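When we follow the numbering used here, the leftmost residue of the sequence shown carries the number 3, and every step to the right adds one. Glycine included, C-beta positions come from ideal geometry on N, C-alpha and C. Values in this document were obtained by computation on a predicted structure and should not be read as measured data. This report concerns only the one structure given below.
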Amino acid sequence: MPKFSTSSRGRFIPTLFAIADVALVNIFFGLLCLIFPYLSAQCGTWPLWLLVNLSLLPELWWGLRNAPHRAMQLDAVARQALSDVALHALFFLAALALLRIDCITSGALAVFYAMLTAGFVTMRIVSRAMLKLYRRHGRGYARVVIVGANPTGKRLAEEMARDSGFGYRLLGFFDDACPETFTGRYLGDLETLASFIRRERVQQVFYCRATDGSGRHAAEVLRTADDTGAEFLFVPQLSRYVQRGMELTTIGAMTAMGVRANPLKSLLNRIVKRSFDLAVSSVFLCFYPLVYLPVAAAIKLSSRGPVYFKQERTGYHGRTFKCLKFRTMRSSIDADTRQATAGDPRVTRIGAFLRRTSIDELPQFVNVWRGDMSIVGPRPHMLKHTDDYSKLIDRYMARHAVKPGITGWAQVNGWRGPTDELWKMERRVEADVWYIEHWSLLLDMKIMFRTVLNAMRGESNAL
């Protein structure tokens, strides 16, 4: 276990990000002056330089007041970087208009903001990766407790533990009593919460209990958090399959919570995703013969049978299609109903290599180009699996609201391979539903990048 250090250094992180933003803006404006020497001659370097920095103040003020959430996803980080660039452009262009400065051309502005966009996005992604690495070494963590020794509290603890880069150090659970079946670290009842927060310097309190009609317990814990200086966070009691982002609104003194619409219900988003699929699959298929020829030869030499394995699987809106794969097994009569398992004698030696490196999935780029699949999405299942699991798992069919993918959020998070126990498929479906409800093009690119990394490392679950 890593030795944990004090987490007080974490309060300096927004300041470091702000310093980095100032440095990037000045570096890129300096480069702009070198690329366009007329700026110094016609506009004067220092007035523009001052204006560029003053236009950064709103973004710095907002960033220092609203530090990024610890568990913010990569696509959200990139979107935040783009909004920061847009905010700077808004104030800078407004200042140029108000001061009637017209010596800077649209071309120079385009170059500056192109550099700034690339710099901000890259810096945010790299700094986030470094910050998560820093936290994985036991530094910059937040000391937290969960109020609620129940399934919701347990799920929250699992999510905190899933990625140590979030930087949560869960000290334990509080509740009126400890259930007999509870396996977490029970710290005591609510009467002992305040003294524990003060003694252990707890920074965040997550309230996961179901509220009664009066909301008395939630109010008491909120008051305790206020009195001890801890941050109070309320976790609603929702099904594990309700994972969409929630939006808060107020009606007078009342707070209402709404569920965001699935992004892929938007026609524009579907067009963007399909265009991306066509562009990537078309480029890949141009080079596909370089992969096909040696793999096909190896498959033919290893066992009798065709190069491709074609299997009917469940696709978009429940429609069936023939999914292509390089054949990795010897032919058998139960190929359409029996899933591969560890040490499966049907898998050939070359097939084991193709599965471990995910090369066997590459023919599915043909499915993508045809429109049966997407590059990223829930993995298509055998028809028997669809029939069986749709009766056993809540919202199983919801995963067919988008086209199936070559890779997906479930796969890059470890939910790949045989589903010999029901809970494994439940976790896979849960990840698939989360992906559908949080889709963005940046998320697709993140999943593709992680898929390539996993393939290079080799995956033990790829049986």
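In the structure shown, the three-state DSSP call for T322 is strand. Cβ neighbours of E222 within its own chain (closer than 8 Å, five residues either side excluded): L192. Here the C-alpha atom of V27 lies approximately 28 Å from the C-alpha atom of F451. Rounded to the nearest angstrom, the gap between the Cα atoms of F114 and V24 is 14 Å. The beta-bridge partner set that DSSP reports for I21 is empty. Residue burial annotation: W417 is buried, with at least 16 other C-beta atoms found within 10 angstroms of its C-beta. Following the DSSP letters along the chain, one finds V370 inside the alpha helix (DSSP H) bounded by residues 366-372.
DSSP, read as helix, strand or coil, puts R145 in strand. Assignment of beta-bridge partners to G190 by DSSP yields F176.
The criterion of a C-beta distance shorter than 7 Å is satisfied by H383 and T316. Note on geometry: alpha-carbon atoms of A179 and G190 lie some 7 Å from one another.
In the structure shown, L158 adopts helical secondary structure according to DSSP, grouped into three states. In the three-state DSSP reduction, F311 falls in the strand class (E or B). Taking M125 as the centre and dropping the five residues before and after it, the same chain places the C-beta of A22, L26 closer than 7 Å to its C-beta, in chain order. By the neighbour-count definition (other C-beta atoms within 10 Å, threshold 16), C325 is a buried residue. Taking 3 residues as the minimum length, the beta strand (DSSP E) runs contained wholly in the stretch 376-451 are 376-378, 407-409, in order along the chain. The shortest C-alpha to C-alpha distance from L444 to any of T330, W51, P265, T107 is the one to P265.
Here R164 is exposed: its Cβ has fewer than 16 other Cβ atoms, across all protein chains shown, within 10 Å. Here A258 carries a strand assignment [DSSP, helix/strand/coil]. In this structure, the straight-line span from the alpha carbon of E182 to that of N152 is close to 11 Å. Distance from the Cα of E202 is smallest, within the candidate group Y170, R225, R145, V378, for R145. Each residue's CA atom was taken as its position, placing L100 and A80 some 30 Å apart. For T316, DSSP records a beta bridge to T322. For V207, the enclosing beta strand (DSSP E) covers residues 206-209.
Taken through DSSP and simplified to helix, strand or coil, E363 comes out as helix. Taking C-beta separations shorter than 7 Å and ignoring five residues to either side along the sequence, the partners of N415 in its chain run A433, following chain order. The three-state secondary structure of E233, taken from DSSP, is strand.
Closest option to R329, judged by alpha-carbon separation, among R351, F323, L394, G320: R351. Rounded to whole angstroms, Y170 and A131 show a C-alpha spacing of 16 Å. Annotation: F311 to H440 spans about 32 Å, alpha carbon to alpha carbon. P16 and V128 have their alpha carbons spaced roughly 15 Å apart. As the crow flies, the alpha-carbon of P380 is around 15 Å from that of R276.
When rounded, the separation of the alpha-carbon atoms in L158 and S166 is 13 Å. In the three-state DSSP reduction, F38 falls in the coil class, being neither helix nor strand. Non-local C-beta neighbours of V237 in its own chain, meaning closer than 7 Å and more than five positions away in sequence, comprise T154, L158, F208, Y209, C210, ordered along the chain. Per DSSP, N271 is one residue of the alpha helix (DSSP H) stretching across 269-304.
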